[in-house]
Amino acid sequence: MNPTWNAIRSGLERGVIELRQTFTTAQDLWGYLFPAVVLLVVMTVMRDSEVPGTGFSLGAMALPSVLGMNVAYGGLVNIAQHLAVEREDGTLLRAKAVPGGMLGYLVGKIVGIAGAVLVSLVLVLVPGMFLFDGLALTGVGTWLGLLGVVALGLVATMPIGAALGSLFPNARSIGLLFLPIIGLIAISGIFYPVTSYPEWIQWIAQAFPIYWLGLGMRSALLPEALVAAEIGESWRHLETLAALGAWAVVGLAVAPIVLRRMARRESGSSVAARREKALQRVA
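Residue 24 in UniProt numbering sits at position 24 of the sequence shown; the count goes up by one each step and never skips.
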């Protein structure tokens with residue numbers, strides 16, 4: 001059998017197994033449920049407020065934006081966390097020692113994390129369908145648009161997340177990612193229309209995928225009248241495709257280079273040194 005295909009198949013199996021295991025671990029189940037409950041509570045509190053200039057619920061407008069945010073967060077942060085943790089505990093070194101191991105490892109991570117992102121979306125979307133009125137949830141086009149944005153969003157963010165994860169020396173340093181990600185969420189129109197912010201903030205938001213994922217989700221799930229709250233009063237489908245596509249191209253070009261450099265640097269001595277530093281911090 002072709003070694004590459006064998007590595008891919010092994011990675012697919014590994015990803016499915018890891019995803020299945022998350023449903024049997026209390027910590028992972030809490031990681032699914034707690035953020036979903038918090039987001040639903042926040043959007044419910046916002047339900048009685050209205051999008052400026054419309055009679056539409058601000059909570060309902062935030063629902064598709066939150067779905068886009070979850071895709072971006074899962075693609076950028078979750079895979080970076082996994083890589084940093086498993087680099088420190090020697091998992092990456094063991095994968096490197098097996099023929100095709102790194103390819104299988106990365107395929108497994110992509111499958112597992114993409115599956116976890118889909119679970120997190122379902123946990124927010126399904127209750128939201130009953131909590132919020134006015135969402136355009138009928139029609140095949142709506143669901144195809146939703147799935148298309150999710151797929152493109154994962155392709156645009158996961159390579160960047162993998163590249164970032166390979167740059168951090170340990171899992172604790174991943175915390176440095178949280179502050180800028182939270183800042184981008186705050187200015188990207190997730191919980192409030194981006195057109196309410198100064199123009200220079202709008203330009204910063206549009207430079208990153210979180211804004212475009214939120215916009216893509218809103219274009220799929222919100223009624224046409226809500227386009228009035230968007231920049232240029234347009235869903236900007238072509239711009240969304242171009243922006244997320246550009247991030248995907250950059251990520252797919254940069255991530256393999258960075259990951260190969262990281263893999264070459266991995267050795268038993270480097271893993272032992274990181275473990276020793278971790279033990280010293282605990283002590």
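Every residue, glycine too, gets a C-beta built ideally from N, C-alpha and C. None of these values were measured; they are calculated from a predicted model.
The alpha helix (DSSP H) spanning residue i covers which residue range?
| i | result |
| --- | --- |
| P180 | G175 to I187 |
| S219 | P209 to L221 |
| R265 | H237 to R265 |
| E224 | Element bounds for E224: n/a, residue is neither H nor E. |
| A114 | G101 to L131 |
| L144 | V140 to L167 |
| L83 | I79 to E88 |
| A97 | Where A97 is concerned, there is no enclosing alpha helix (DSSP H), given that its DSSP letter is neither H nor E. |
Between residue i and residue j, which are expected to be in contact by the criterion C-beta below 8 Å, what is the C-beta distance as a whole number of angstroms?
| i | j | result |
| --- | --- | --- |
| G11 | V107 | 3 Å |
| V85 | G161 | Not quite, the Cβ-Cβ distance comes to about 13 Å (not below 8 Å), so this is no contact. |
| T157 | V71 | 7 Å |
| G165 | L19 | About 18 Å; that fails the 8 Å criterion. |
| V66 | L39 | 5 Å |
| I201 | I190 | No, I201 and I190 are not in contact; Cβ-Cβ is about 13 Å, not under 8 Å. |
| residue 284 | G53 | Since the first residue shown for the chain is 1 and the last is 283, residue 284 is missing from the structure and cannot be characterised. |
Quick one: grab the DSSP three-state call for residue i.
| i | result |
| --- | --- |
| S49 | coil |
| S10 | helix |
| S65 | helix |
| S196 | helix |
Counting C-beta neighbours from all protein chains within 10 Å, is the total for residue i 16 or more, i.e. buried, or is it exposed?
| i | result |
| --- | --- |
| P159 | buried |
| H82 | buried |
| F178 | exposed |
| R261 | exposed |
| A205 | buried |
* **Three-pair Cβ contact test at 8 Å for the region 37-52 versus the region 207-225** => no
* Indicate whether the contact test is met: 3 or more Cβ pairs, each with one atom in the region 177-193 and one in the region 12-30, closer than 8 Å. => no
* To do: Could you tell me whether the region 222-234 touches the region 54-73, where touching means 3 or more Cβ pairs closer than 8 Å?
  => yes
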